[in-house]
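Residues in the sequence shown are numbered consecutively from 0, following numbering that gives the first Met the number 0. Everything below concerns the one structure shown next.
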Amino acid sequence: MRAVTEPAFGAAPHVGVVMGSRSDFETMQGALDVLRDLGIGYEVRVLSAHRTPALLASYGARAERLGLACIIAGAGGAAHLPGMLAAFTRVPVLGVPVQSRALSGQDSLLSIVQMPAGVPVATFAIGAAGAKNAALFAAAILATTDEAVRAPLEAFRQAQTRAVLDDPFFEGH
Ligand code: RP5
0 MRAVTEPAFG AAPHVGVVMG SRSDFETMQG ALDVLRDLGI GYEVRVLSAH RTPALLASYG
60 ARAERLGLAC IIAGAGGAAH LPGMLAAFTR VPVLGVPVQS RALSGQDSLL SIVQMPAGVP
120 VATFAIGAAG AKNAALFAAA ILATTDEAVR APLEAFRQAQ TRAVLDDPFF EGH
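Right, dumping it as structure tokens:
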């Protein structure tokens, strides 16, 4: 298994970021940016439920030993990656439906969200918003036990609120 273009960030990876294809990278970059901004360690891999099923199985089986607190898994089309990973590990899987060309990501969303009872995948919005929110959700999980994550996450939320309140756009309208 090898990283795509991003090296592992931070001393020990805490979040696994995986995607079904190199073509998903542009979408998943949003998750990496959020994790980096919050100082959260991560590792990046391409794993395909269909093209590299054995690799997916071995990654899932080793997820706990790798020290992953959760796995953000993005895939498009017949997006079986998050669900299959969830079948192989007890580490929480956060699924990101990548926007497909043919069906605008509706296929990805339905493939990821409609899991059978017993094998949960937390499912996020289609595309860029989903990737960013999956990373923020991963941060929220880590923040329950790690002050080093809680503080920057809180700062992000406060800055986001301030940006809305301080927006001068409507002044004079
Ligand atoms: C899925 O098929 C991937 O997650 C990707 O979104 C989609 C298309 O993959 P490529 O044909 O671009 O490699 O498995």
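Where a beta carbon is used, it is the ideal one built from N, C-alpha and C, also for glycine.
Residue i beta carbon near the ligand RP5 (any heavy atom closer than 7 Å)
| i | result |
| --- | --- |
| residue 103 | no |
| residue 97 | yes |
| residue 126 | no |
| residue 110 | no |
| residue 219 | What the structure shows of the chain is the stretch from 0 to 172, and residue 219 is not part of that stretch, so it cannot be assessed. |
| residue 114 | no |
| residue 47 | yes |
| residue 78 | yes |
| residue 83 | no |
| residue 27 | no |
| residue 20 | yes |
| residue 75 | yes |
Presumed contact (8 Å Cβ cut-off) between residue i and residue j, rounded CB distance
| i | j | result |
| --- | --- | --- |
| residue 72 | residue 141 | With a Cβ gap of about 17 Å, residue 72 and residue 141 do not count as contacting. |
| residue 97 | residue 120 | Actually they are not in contact, since the Cβ atoms of residue 97 and residue 120 sit about 14 Å apart, beyond 8 Å. |
| residue 57 | residue 19 | Not really, about 16 Å apart at Cβ, beyond 8 Å. |
| residue 133 | residue 107 | Not a contact, Cβ separation roughly 13 Å. |
| residue 80 | residue 17 | 7 Å |
| residue 70 | residue 90 | 6 Å |
| residue 74 | residue 23 | 7 Å |
Residue i versus residue j - alpha carbon distance
| i | j | result |
| --- | --- | --- |
| residue 8 | residue 172 | Confidence is the limiting factor: at residue 8 the pLDDT is only 45, short of 50, which leaves the residue's position unreliable, though a coordinate-based value still follows. Rounded to the nearest angstrom, the two C-alpha atoms are 45 Å apart. |
| residue 38 | residue 138 | 10 Å |
| residue 15 | residue 102 | 27 Å |
| residue 86 | residue 159 | 36 Å |
| residue 168 | residue 33 | 26 Å |
| residue 63 | residue 76 | 28 Å |
| residue 49 | residue 135 | 28 Å |
| residue 83 | residue 122 | 14 Å |
| residue 66 | residue 35 | 18 Å |
| residue 31 | residue 148 | 15 Å |
| residue 44 | residue 27 | 11 Å |
| residue 162 | residue 156 | 10 Å |
| residue 114 | residue 41 | 26 Å |
| residue 13 | residue 112 | 24 Å |
For residue i: DSSP bridge partner residues
| i | result |
| --- | --- |
| residue 90 | None; residue 90 has no bridge partner. |
| residue 17 | 44, 72 |
| residue 95 | 73 |
heavy atom of the ligand ZN below 7 Å from residue i C-beta
| i | result |
| --- | --- |
| residue 23 | With respect to the ligand ZN, the structure offers nothing, as its ligand set consists of the ligand RP5. |
List, from N- to C-terminal side, the alpha helix (DSSP H) runs of 4 residues or more that fit wholly inside the stretch 28-80.
52-61
Whole beta strand (DSSP E) runs in the stretch 102-146 with 3 or more residues, listed along the chain?
none
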